[in-house]
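Undergrad:
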Amino acid sequence: MKVQTDGRWRKASLSTPLAILNLCLACACLGEVVSSSFSAELQPGSPSGVRAKSNTALLVASEIHGSVRIQSRIQPKSMAISMYSRRSGRSTGAPIPSPVNEVENVVLYLEGNTHHGVSSFVESQDINTPLAEAPVSARGQPRPSIRQINETFWPHVLPITTGTIVEFPNGDPFFHNVFSLSSAKSFDLGRYPQGQIRWVRFDKPGIVKVFCHIHSHMSAVILVFDHHFFTVPDSKGEFVLGPVPPGSYTLVGWHERLKPVRQRVTVDAHEPLAVNLVL
Amino acid sequence: MMWTEPVLLWSGERIGLEGIADLGFSRSGIPYAAPSTPDYQTNLNGQFILLGSFRITSSLYGFYEGRVSHQEGLDGSDPRIQETQGTPVAQGYIRFTPKLPWSLTLEAGKFGTPFGEFLTRNYPQDNPLIGTPLIYSYPTTIPARIVPNGPEFLLKYRYRPKTPQSYSLGTGGAWLPLINYAYPTGVMVYGSPRTFDYRFALVNSSIANPLDLGEPGQQIQWVGGGGWTIIPGFRVGTSLAEGPFLSGSVGPHLPPGTSLRDFTQRAIGFDLQYALHHFEAYAEGIFTNFKLPNISQRLGASGYYIELKYTWSPRVFTAVRWNQIFFDRFRQDTNPSDDLPSPENEASYVGVGFDQNINSLEFGLGIRITHKLMAKTSYQLNRTTGGADPKDNMFAAQLLYVFDVSNLLRIR
């Protein structure tokens, strides 16, 4: 199997539990049978005897649950600067569906066993496994979206896996022009009116900062992972991450305007793990 | 364990400070330069703009804009240009948005004139080119601080040397454009009921000759406008203004029996914006005239520009702007008022425009290096009709950086 790393194709390194379970999940979602050569590659590096050949690998996985709290002072976002009177329609006046607190903009994710010093943002997408639409369509779930409403991107932070298609519906009665110049994905959706939806497929792991050409104060962040081990806490800060195969990981608490917090965790089979993070 | 105290989102959004820094390079011809002087010049110029917004209450906001710019001549000009200009308060006003029908909003202070459309996107990151529309920048023969004594005065200055500096007037320029970058002081009401928008202001100076507070010659005048967004992305609008245009310093030199209020500018403007996908189009036109009591004919001028922009990729866009300005010709019956001295040689001006018609084409390329960093380059071709070739074509390049000052300074 080949993976893309820094733009070069090389043989996949499947020694990390994240890579293994990522593939397990993908295959399970696709309903595909893992080939014998594929599983043979998995066995040597599989922690705790997890085998990707069977979906039973998922059964021995446990969840990480707990809560996250923001203790650091967050630099407030700058206020929008609109020096001139609006001359192209007005805002909806609808209430902005803002989150209760900043903790909902926290993303928790796992970094794998770093035998090779890789982080979870290092590219390791399997080109032979079209993760892109399969998990979404196979599960019958709607595509993730970032709406534009009252000159705000909603949600502000969106974690996804590589290959995911994200929709950008315009809910405002005036044009928006969504774009990004991030190295993980650069795009410009052009100007489009209320009710129209544009979409972008994210194939490369990394952080994608999204803006609007017309309204410079609008911004959003998309975190593109090459695995499924991430989650967003609820408004109370509680989260559930998993199932995660047994092994040792680094749990990362990420917030756009805070230094990431890392905590080593060891997941045992059949044993849910409770973790509290303070950012 | 669970924590319940929330960190409120956007609770700190009481202040916004944005900085825009740009560095420019230009090489241009100097029209009608004397034979002994260079007919081109190369300049470096830099500008810093600070924009601020402050939330006082949920419906009361304050806004601020300050500018400082520097121009350095590299060659060509003699003496070499070396000029720093600071405008501590280009704009400074309070905005009140009560919960009233029609999205009624009130502003008081020093703000951008509500006439026209280009002023709302004259920041370097919003203007896809480096130059500005001619109707906003071409210095006509209408003076700001001199009272013309007749048509020949205006004709005399038709071939005055124009430098690129004279195209960037700012406040109080010696020669008036049709519309200036006017930031007058006054009060304004505006709103946007449904797909319409309206604005009306009482301000202290004309759209061609903005005066700062404290400058003599300020006169109350009105500016109004409105628009209709037919479909999202397609809007048509109009603007109207009337008021005195001379600076107060000419007061002692006014013809007997006249006052500053006898020297008025009237203007009606039209504007159009259209955008779809990666294409944007802007157009703006103005019909204006200047009344000078010692010239019986109102001196009219009309001008327009059409600007097209296309974004080819997330990083690359191109733009082109076509401009034209037409000036009225002196008529046979253009005579001074009875109580003022008559021009000496009437035949010399009949049928001649009070300035040369001019057209201009500017095209350019822009590259977004990052979200905050942009590079632009453009070439501008200027031509007059019926006059000598002014040879003031201009090549320009610009690098600009937009940054969040409040984050930089850790202002909370």
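Residue numbers (the working numbering), protein chains in the order written: chain A, 1475 to 1753; chain R, 64 to 475.
Virtual Cβ for every residue (Gly too), placed ideally from N, Cα, C.
1) Is residue 79 (chain R) close to chain A, meaning its C-beta is less than 8 Å from at least one C-beta of that chain?
2) Measure the alpha-carbon distance for residue 1692 (chain A) versus residue 1654 (chain A) and round it to whole angstroms.
3) Would you mind giving the Cβ-Cβ distance between residue 270 (chain R) and residue 237 (chain R), rounded to the nearest angstrom? I have them listed as a contact below 8 Å.
4) Taking the Cβ atom as the reference point for each residue, do residue 196 (chain R) and residue 386 (chain R) lie within a distance shorter than 8 Å?
5) Alpha carbons only, please: which of A:1643, A:1645, A:1628, A:1659 is nearest the one belonging to residue 1637 (chain A)?
6) Taking Cβ to Cβ, would you say residue 350 (chain R) is nearer than 8 Å to residue 327 (chain R)?
7) Can you tell me the Cα-Cα spacing of residue 1753 (chain A) and residue 1633 (chain A), whole angstroms?
8) Going by alpha carbons, who is nearest to residue 1548 (chain A) out of A:1580, A:1666, A:1672?
9) With 8 Å as the threshold, decide whether the Cβ of residue 1559 (chain A) is near any Cβ in chain R.
10) Got a sec: which bits of the region 295-327 of chain R sit with their beta carbon under 8 Å from any beta carbon on chain A, in order along the chain?
11) Would the region 1697-1717 of chain A count as touching the region 1539-1558 of chain A if we require 3 or more Cβ pairs under 8 Å?
12) I'd like the list of long-range same chain contacts for residue 276 (chain R), defined as Cβ closer than 6 Å, with 5 residues on each side in sequence excluded.
13) Pair every Cβ in the region 169-189 of chain R with every Cβ in the region 371-389 of chain R, then say whether three or more of these pairs are closer than 8 Å.
14) Should residue 1744 (chain A) go down as buried or exposed, given a rule of 16 or more other Cβ atoms within 10 Å for buried?
15) How is the beta strand (DSSP E) around residue 1542 (chain A) delimited, first residue to last?
16) Under the rule that 16 or more other beta-carbon atoms within 10 Å means buried, what is residue 257 (chain R), buried or exposed?
17) In this structure, does DSSP put residue 1580 (chain A) in helix, strand or coil?
18) Would residue 80 (chain R) and residue 1656 (chain A) be called neighbours here (beta carbons separated by less than 8 Å)?
19) I'd like to know if residue 1683 (chain A) contacts chain R, where contact means its C-beta is closer than 8 Å to some C-beta of that chain.
20) For a contact meaning CB atoms closer than 9 Å, what does residue 1664 (chain A) contact in chain R?
21) On the DSSP bridge assignment, give the partners of residue 1712 (chain A) in chain order.
22) Is any beta-carbon of chain R found at less than 8 Å from that of residue 1692 (chain A)?
23) For residue 126 (chain R), which residues of its own chain have a beta-carbon under 6 Å away from its beta-carbon, when the five flanking residues on both sides are left out?
24) What is the residue span of the beta strand (DSSP E) that residue 216 (chain R) lies within?
25) Using only the alpha-carbon positions, how far apart do residue 313 (chain R) and residue 352 (chain R) sit?
26) Please identify the residue among A:1641, A:1703, A:1689 whose C-alpha is closest to the C-alpha of residue 1616 (chain A).
27) Where do the N-terminal and C-terminal ends of the beta strand (DSSP E) with residue 106 (chain R) fall, by residue?
28) Run the CB neighbour count on residue 206 (chain R), radius 10 Å, all protein chains shown included, and call it buried at 16 or more, exposed below.
29) Taking all protein chains shown into account, decide if residue 382 (chain R) is buried (16 or more other Cβ within 10 angstroms of its Cβ) or exposed.
30) Return the bridge partner residues of residue 278 (chain R) from the DSSP annotation.
31) Alpha carbon to alpha carbon, how far is residue 219 (chain R) from residue 416 (chain R)? Give it in angstroms, no decimals.
32) Does DSSP put residue 468 (chain R) in a helix, a strand or coil?
33) Where does the unbroken beta strand (DSSP E) through residue 1639 (chain A) begin, and where does it stop?
34) Grouping DSSP H, G and I as helix and E and B as strand, with all else coil, what is residue 321 (chain R)?
35) Please classify residue 1738 (chain A) as buried or exposed, where buried requires at least 16 neighbouring CB atoms within 10 angstroms.
36) What did DSSP end up calling residue 127 (chain R) once you bin it into helix, strand or coil?
TA: Looking at the atomic coordinates:
1) yes
2) Each residue's alpha carbon lies about 12 Å from the other.
3) Residue 270 (chain R) to residue 237 (chain R), Cβ: 17 Å. No contact.
4) Their beta carbons are under 8 Å apart, which means residue 196 (chain R) touches residue 386 (chain R) by this criterion.
5) A:1659
6) no
7) 18 Å
8) With distances taken between Cα atoms, residue 1548 (chain A) lies closest to A:1580.
9) Yes, residue 1559 (chain A) lies at the interface with chain R (some Cβ there is under 8 Å from its Cβ).
10) 295, 296, 298, 300
11) With a cut-off of 8 Å, the region 1539-1558 of chain A and the region 1697-1717 of chain A count as touching, because enough Cβ pairs lie within range.
12) 248
13) no
14) exposed
15) 1536-1543
16) Residue 257 (chain R) should be labelled exposed.
17) coil
18) Not in contact: residue 80 (chain R) and residue 1656 (chain A) (Cβ atoms no closer than 8 Å).
19) yes
20) At a beta-carbon threshold of 9 Å, the residues of chain R lying near residue 1664 (chain A) are 338, 339, 340, 341, 342, 374, ordered along the chain.
21) Note: residue 1712 (chain A) is bridge-paired with A:1541 in the DSSP secondary-structure output.
22) The beta carbon of residue 1692 (chain A) sits no closer than 8 Å to any beta carbon of chain R.
23) 116, 156
24) Looking at the DSSP string, residue 216 (chain R) is not in any beta strand (DSSP E); the run it does join, the alpha helix (DSSP H), is 214-219.
25) 20 Å
26) A:1641
27) 103-118
28) Burial check for residue 206 (chain R): the Cβ neighbour count within 10 Å reaches 16 or more, so the residue is buried.
29) buried
30) DSSP output for residue 278 (chain R) lists no bridge partner at all.
31) Using only the alpha carbons, I get a separation of about 12 Å.
32) helix
33) Segment 1638-1643, the beta strand (DSSP E) holding residue 1639 (chain A).
34) Correct three-state label for residue 321 (chain R): coil.
35) exposed
36) Assigned with DSSP and collapsed to three states, residue 127 (chain R) falls in strand.
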